[in-house]
Amino acid sequence: MTADLLYSDVEDDLRASVRALLADHCEPSALLKRAESGEPYDLKLWRALAGDLGAAGLQVPEDRGGHGASAREIALVLEELGRSVAPVPFLGSAVLATNALLATGTDHELLGKLAAGTTTAALAVPLSSTPDTFKSTVEVADGVLTGRVGTVADASVADVLVVPAGDGLYLVDSGFTVSELVSLDLTRRVADVTLSGAHGTLIASGAAATEALTAALTAGAALLASEQLGLADWCLEETVRYLKGRYQFGRPVGSFQALKHRLADLWLELVSARAAARYAADCLARQDPDLPVAAAVAQALCSDIAVHAAEECVQLHAGIGMTWEHPAHLYLKRAKANQIALGTAGRHRAALATLLDLPG
Amino acid sequence: MTLTADDLRERTRKLLDEHDTADRSAFLQARFDAGLAWVHFPEGLGGLDAPRALQSVVDAELAAAGAPDNDPRRIGIGLGMAAPTILKFGNDEQRKRYLRPLWIGEEVWCQLFSEPGAGSDLAALGTRAVREGEDWVVTGQKVWTSSAHTARFAILVTRTDPDVPKHQGMTYFICDMHAPGVEVRPLRQITGEAEFNEVFLTGVRIPDANRLGEVGEGWKVAQTTLMNERVAIGGHAIPREGGMIGIAAKLWRERPELRTPELHDRLLRLWVRSEGVRLAGTRLRQQLAAGSPGPEGSGMKLAFSTLNQEISGLELELLGEEGLRYDDWTMRRPDKVDFTGREAGYRYLRAKGNSIEGGTSEVLRNIISERVLGLPSEPRVDKDVAWKDLPR
Numbered sequence: 001m002t003a004d005l006l007y008s009d010v011e012d013d014l015r016a017s018v019r020a021l022l023a024d025h026c027e028p029s030a031l032l033k034r035a036e037s038g039e040p041y042d043l044k045l046w047r048a049l050a051g052d053l054g055a056a057g058l059q060v061p062e063d064r065g066g067h068g069a070s071a072r073e074i075a076l077v078l079e080e081l082g083r084s085v086a087p088v089p090f091l092g093s094a095v096l097a098t099n100a101l102l103a104t105g106t107d108h109e110l111l112g113k114l115a116a117g118t119t120t121a122a123l124a125v126p127l128s129s130t131p132d133t134f135k136s137t138v139e140v141a142d143g144v145l146t147g148r149v150g151t152v153a154d155a156s157v158a159d160v161l162v163v164p165a166g167d168g169l170y171l172v173d174s175g176f177t178v179s180e181l182v183s184l185d186l187t188r189r190v191a192d193v194t195l196s197g198a199h200g201t202l203i204a205s206g207a208a209a210t211e212a213l214t215a216a217l218t219a220g221a222a223l224l225a226s227e228q229l230g231l232a233d234w235c236l237e238e239t240v241r242y243l244k245g246r247y248q249f250g251r252p253v254g255s256f257q258a259l260k261h262r263l264a265d266l267w268l269e270l271v272s273a274r275a276a277a278r279y280a281a282d283c284l285a286r287q288d289p290d291l292p293v294a295a296a297v298a299q300a301l302c303s304d305i306a307v308h309a310a311e312e313c314v315q316l317h318a319g320i321g322m323t324w325e326h327p328a329h330l331y332l333k334r335a336k337a338n339q340i341a342l343g344t345a346g347r348h349r350a351a352l353a354t355l356l357d358l359p360g
Numbered sequence: 361m362t363l364t365a366d367d368l369r370e371r372t373r374k375l376l377d378e379h380d381t382a383d384r385s386a387f388l389q390a391r392f393d394a395g396l397a398w399v400h401f402p403e404g405l406g407g408l409d410a411p412r413a414l415q416s417v418v419d420a421e422l423a424a425a426g427a428p429d430n431d432p433r434r435i436g437i438g439l440g441m442a443a444p445t446i447l448k449f450g451n452d453e454q455r456k457r458y459l460r461p462l463w464i465g466e467e468v469w470c471q472l473f474s475e476p477g478a479g480s481d482l483a484a485l486g487t488r489a490v491r492e493g494e495d496w497v498v499t500g501q502k503v504w505t506s507s508a509h510t511a512r513f514a515i516l517v518t519r520t521d522p523d524v525p526k527h528q529g530m531t532y533f534i535c536d537m538h539a540p541g542v543e544v545r546p547l548r549q550i551t552g553e554a555e556f557n558e559v560f561l562t563g564v565r566i567p568d569a570n571r572l573g574e575v576g577e578g579w580k581v582a583q584t585t586l587m588n589e590r591v592a593i594g595g596h597a598i599p600r601e602g603g604m605i606g607i608a609a610k611l612w613r614e615r616p617e618l619r620t621p622e623l624h625d626r627l628l629r630l631w632v633r634s635e636g637v638r639l640a641g642t643r644l645r646q647q648l649a650a651g652s653p654g655p656e657g658s659g660m661k662l663a664f665s666t667l668n669q670e671i672s673g674l675e676l677e678l679l680g681e682e683g684l685r686y687d688d689w690t691m692r693r694p695d696k697v698d699f700t701g702r703e704a705g706y707r708y709l710r711a712k713g714n715s716i717e718g719g720t721s722e723v724l725r726n727i728i729s730e731r732v733l734g735l736p737s738e739p740r741v742d743k744d745v746a747w748k749d750l751p752r
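For the record, the sequence lines run as chains C and V. Numbering follows the working numbering, in which position 228 of the first sequence is assigned residue number 228; successive positions increment by one, without gaps. Each position in the second sequence, counted from 1, maps to that position plus 360 in the working numbering.
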């Protein structure tokens, strides 16, 4: 194995830039206010992140309008977005739609626009999809698409949809309606998409379309692990900080062994999560043949660990953790939604059973 | 000049060219003298002052050539605990005398730390050492001593001043296990064998020349030993499905008739966790090689012990009826530690020790929460009290 599981100096610099930008935009009070407004996404932040920092195009080659970095750097951005539960359509546009387009191999000018953040896209599949469970609900006849897709991530701000329909993959930029749902996750919205006679541009068909969709969903799973890692990291850090300062029974609550041991166990889970998330991102960057295993391991570990971290964060903040004004609930909602996104841990374990020849 | 991986590869090939690998003892001696035993040790003491990470280059070359190794499982305490302590706190004479036979395996070491009244609370220990001229006279009882029955020497912590708080009055020695007054009694364990021993020390005379570190500084010396013990565990690269999970996965593949949905789910969960811990170990080694060790090492032993216990428990259930059998309850005194050896029942019972030996999981969680996460310690009632005044 030649995987590099560390962070490079360039990645550390990138982290610092992204974190500084997010610090200005993702104050908990601002996140809450936005979540209850008619504009759930921070599009000013999205433009700064995608356009000024170039974060959306890191994975896109330079000759296709991107920055020619790799999935490792995208993963790093996701760690920071997870740490701040940032309300931006990064997963839908920069990860899922972009990876689908990259996998089709067509030299589409759309990639450059997505990289620059001037256009936002969404992959029109239910967010819970995995390669082996996905079934298209969109019909196609003579390039005209009809159907409904439920719970599409980031669809509410998408200019363009990448739609699997029939045995092809299509681009659609008009003729669809998006109805916003009340989402469990307040900072990443899912919406129902209805296509009624939309004209689509075919970008892949047959096996190539299936491969592109599989590649996008696998890349999504591999990269989502980093968002889960970042989220869990924030939950642990914040809980430790709180328990050092909160006094009960005449002592800092964090000096009680019963709580220390729970946090030590959580920290240890995070050590594994970090290694697994880095390995998945690195396999994706190198297109290593171990990618399917790496992605499934990363999801099977990180999605549950992120939920555990968020649940511990709520519990150990006690009454305060149950309030609307404390941000813990935003993390719990993101973590729980992420556990379902791109396959639950159980689905990924089932995939591993096949990949590893450990049949049931 | 800093040595590179290529330099070490070249030196290893030269060693292989010039020495017959069939003569185990002679080859190991030549390897030590060539500085390829532990490359991060100083020249003349089995090393080359090279970066520690480059040891893996040497090991890989030697393994590929089928060269004999020094059986680290048999001499693990010497390698992992005594040697780094002697290197750091020993004088030149002590380093020259002990390190070579230790590494070659001519002299096995054991560790006389724990006592019946001081296990996890090591600093509470009460084995007394009293100065008499050039000697110290030692009296007390130690316990859980692996390899005491085969050991030539021991690292030993004693109480030399009972009138000061417990962490201050300790002194660290090298103890000759063949000295008069040293008595080793086997301690039979839940596996049926006696891997551990009790060691009774009655008026044992240890020359002052066998002291490691200053009088009263034994705690500081012992910390070095213990830190190295935990680094040594989980410190080497394992392939996917290496260790306990590999045994369970193999059984699963070979015995379809034993499969149930519930066991399948547990196996997959444990497989995923094992892979996560394995990758964390890889990441830790990459951090060490890059010269920036993270705190991850503190948790590896804790993670492995939990996994070993859960996997070995699953293995017995998977075997069903066969799991009711045990291979052999005969009392034996093995000369090496082998967690995965023998059969499933043994593995299950032996793994129970993994969360106790080398720091209990509870103590490791305290270390992680206090030193890694920076949480406050529990209030201490024993810190400023003279050792002799502590309740026990």
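For each residue, glycine too, the CB sits at the ideal point set by N, CA and C.
Exercise. Check lysine 696 of chain V in the structure and name its three-state DSSP category.
Key: Three-state result, lysine 696 of chain V: coil.
Quiz item: Buried or exposed: where does isoleucine 550 of chain V fall if 16 or more other Cβ atoms within 10 Å of its Cβ makes it buried?
Solution: So isoleucine 550 of chain V ends up on the exposed side.
Quiz item: For threonine 133 of chain C, which of C/Arg286, C/Asp357, C/Leu356 and C/Gly343 has the nearest alpha-carbon?
Solution: Checking every option, the nearest Cα to that of threonine 133 of chain C belongs to C/Gly343.
Practice problem: Following the continuous beta strand (DSSP E) through tyrosine 170 of chain C, name the residue where it begins and the one where it ends. | Solution: Per DSSP, the continuous beta strand (DSSP E) segment holding tyrosine 170 of chain C begins and ends at 168 to 172.
Quiz item: Where do the N-terminal and C-terminal ends of the beta strand (DSSP E) with glycine 500 of chain V fall, by residue?
Solution: In the DSSP assignment, glycine 500 of chain V falls within the beta strand (DSSP E) that extends over 495 to 502.
Exercise. Please confirm if arginine 274 of chain C has its CB atom under 9 Å from at least one CB of chain V.
Key: The C-beta of arginine 274 of chain C comes closer than 9 Å to at least one C-beta of chain V.
Quiz item: Can a CB atom of chain C be found closer than 9 Å to the CB of aspartate 625 of chain V?
Solution: Cβ-Cβ to chain C under 9 Å: yes for aspartate 625 of chain V.
Quiz item: Using a C-beta to C-beta distance shorter than 9 Å, which residues of chain C count as neighbours of glutamate 403 of chain V?
Solution: The contacting residues do not exist; glutamate 403 of chain V stays about 30 Å from chain C at best.
Quiz item: Is any beta-carbon of chain V found at less than 9 Å from that of valine 271 of chain C?
Solution: For valine 271 of chain C, the closest Cβ of chain V is nearer than 9 Å.
Self-check item: Between the CA atoms of alanine 306 of chain C and glutamine 454 of chain V - distance to the nearest angstrom
Solution: Note on geometry: alpha-carbon atoms of glutamine 454 of chain V and alanine 306 of chain C lie some 51 Å from one another.
Exercise. Kindly list, in the order they appear in chain C, the residues whose Cβ is closer than 7 Å to that of arginine 619 of chain V.
Key: Residues of chain C passing the Cβ test: Gly360.
Exercise. Could you please give the first and the last residue of the uninterrupted alpha helix (DSSP H) stretch that includes isoleucine 446 of chain V?
Key: Going by DSSP, isoleucine 446 of chain V is part of the alpha helix (DSSP H) stretching over 443 to 449.
Quiz item: Applying the criterion that 16 or more other CB atoms from any shown protein chain within 10 Å of the CB defines a buried residue, is valine 468 of chain V buried or exposed?
Solution: Around the C-beta of valine 468 of chain V, 16 or more other C-beta atoms lie within 10 Å, and the residue is accordingly described as buried.
Quiz item: Among V/Glu617, V/Cys470, V/Arg702 and V/Thr620, which residue has its Cα nearest to the Cα of glutamate 589 of chain V?
Solution: Just measuring C-alpha positions, the residue of V/Glu617, V/Cys470, V/Arg702 and V/Thr620 sitting nearest glutamate 589 of chain V is V/Cys470.
Self-check item: Beta carbon proximity, alanine 609 of chain V to chain C, threshold 9 Å
Solution: Closer than 9 Å: yes.
Self-check item: Within chain A, the residues that proline 739 of chain V reaches when beta carbons sit closer than 9 Å
Solution: Absence of chain A from the displayed structure is noted, the protein chains being C and V.
Exercise. For histidine 199 of chain C, name the three-state secondary structure that DSSP assigns.
Key: Looking at histidine 199 of chain C - three-state DSSP - the assignment turns out to be strand.
Quiz prompt | is_contact[glycine 594 of chain V, chain C] using C-beta, thresh 9 Å | solution = Residue placement at glycine 594 of chain V cannot be trusted, given a pLDDT of 46 that sits under 50; what the coordinates show is reported in the next sentence. Output row for glycine 594 of chain V: interface = no.
Quiz prompt | Pairwise C-alpha distance: isoleucine 515 of chain V and lysine 696 of chain V | solution = Here the alpha carbons of isoleucine 515 of chain V and lysine 696 of chain V stand approximately 18 Å from one another.
Self-check item: Simplified DSSP state of alanine 478 of chain V, which is helix, strand or coil
Solution: In the displayed model, alanine 478 of chain V falls within a strand according to three-state DSSP.
Quiz prompt | Residue from C/Leu316, C/Ala3 and C/Thr106 whose Cα sits closest to the Cα of alanine 204 of chain C | solution = Looking only at C/Leu316, C/Ala3 and C/Thr106, the smallest Cα-Cα distance to alanine 204 of chain C is reached by C/Thr106.
Practice problem: Taking aspartate 357 of chain C as the query, report the chain V residues whose CB atoms sit under 7 Å from its CB, ordered along the chain. | Solution: What aspartate 357 of chain C touches in chain V: Arg613.
Quiz item: Between glutamate 656 of chain V and leucine 674 of chain V, which are expected to be in contact by the criterion C-beta below 8 Å, what is the C-beta distance as a whole number of angstroms?
Solution: Their Cβ separation, rounded to whole angstroms, is 26 Å, which puts glutamate 656 of chain V and leucine 674 of chain V out of contact at 8 Å.
Exercise. Quick one: residues in its chain with C-beta nearer than 6 Å to the C-beta of leucine 439 of chain V, no 5 flanking neighbours on either side, listed in chain order?
Key: The beta carbon of leucine 439 of chain V lies closer than 6 Å to those of Pro432 in the same chain, with the five residues before and after it left out.
Quiz item: Do you know offhand how far glycine 112 of chain C's Cα is from arginine 334 of chain C's?
Solution: Straight-line Cα distance between these residues: approximately 29 Å.
Self-check item: Cβ distance (whole Å) where valine 60 of chain C is taken to contact alanine 115 of chain C below 8 Å
Solution: With 8 Å as the limit, valine 60 of chain C and alanine 115 of chain C qualify as a contact, their Cβ atoms being about 5 Å apart.
Self-check item: Contacting positions in the segment 398 to 427 of chain V - beta carbon closer than 8 Å to chain C
Solution: Among the residues of the segment 398 to 427 of chain V, none has a Cβ less than 8 Å away from any Cβ of chain C.
Quiz item: Which bits of chain V does tyrosine 279 of chain C rub up against, with CB to CB less than 7 Å?
Solution: Chain-ordered, the chain V residues with CB closer than 7 Å to the CB of tyrosine 279 of chain C read Leu639.
Practice problem: Classify alanine 71 of chain C as buried or exposed, calling it buried when 16 or more other Cβ atoms lie within 10 Å of its own Cβ. | Solution: Result: buried.
Quiz item: If we ignore side chains and look at the alpha-carbon of each, how far apart do valine 138 of chain C and proline 131 of chain C end up?
Solution: Each residue's Cα considered, the two are about 17 Å apart.
Quiz item: Taking the C-alpha atoms as reference points, what is the distance between alanine 449 of chain C and alanine 94 of chain C?
Solution: Nothing in the structure corresponds to residue 449 of chain C, since chain C is present only between 1 and 360.
Practice problem: If I'm right that valine 564 of chain V touches valine 503 of chain V with Cβ under 8 Å, what's the distance once you round it to whole angstroms? | Solution: Not really, about 16 Å apart at Cβ, beyond 8 Å.
Practice problem: Take the Cβ of phenylalanine 513 of chain V as the centre, count every other Cβ of all protein chains shown within 10 Å, and call the residue buried at 16 or more, exposed below. | Solution: Buried: at least 16 other Cβ atoms inside 10 Å.
Quiz item: Buried or exposed: where does tryptophan 324 of chain C fall if 16 or more other Cβ atoms within 10 Å of its Cβ makes it buried?
Solution: Around the beta carbon of tryptophan 324 of chain C, fewer than 16 other beta carbons sit within 10 angstroms, so the residue counts as exposed.
Quiz item: Between isoleucine 716 of chain V and chain C, is there a C-beta pair that is closer than 9 Å?
Solution: Not one chain C Cβ lies under 9 Å of isoleucine 716 of chain V.
Exercise. Note down, in chain order, every chain V residue with its Cβ under 8 Å from the Cβ of lysine 336 of chain C.
Key: Under the 8 Å cutoff, chain V gives no residues; its nearest Cβ is about 19 Å from lysine 336 of chain C.
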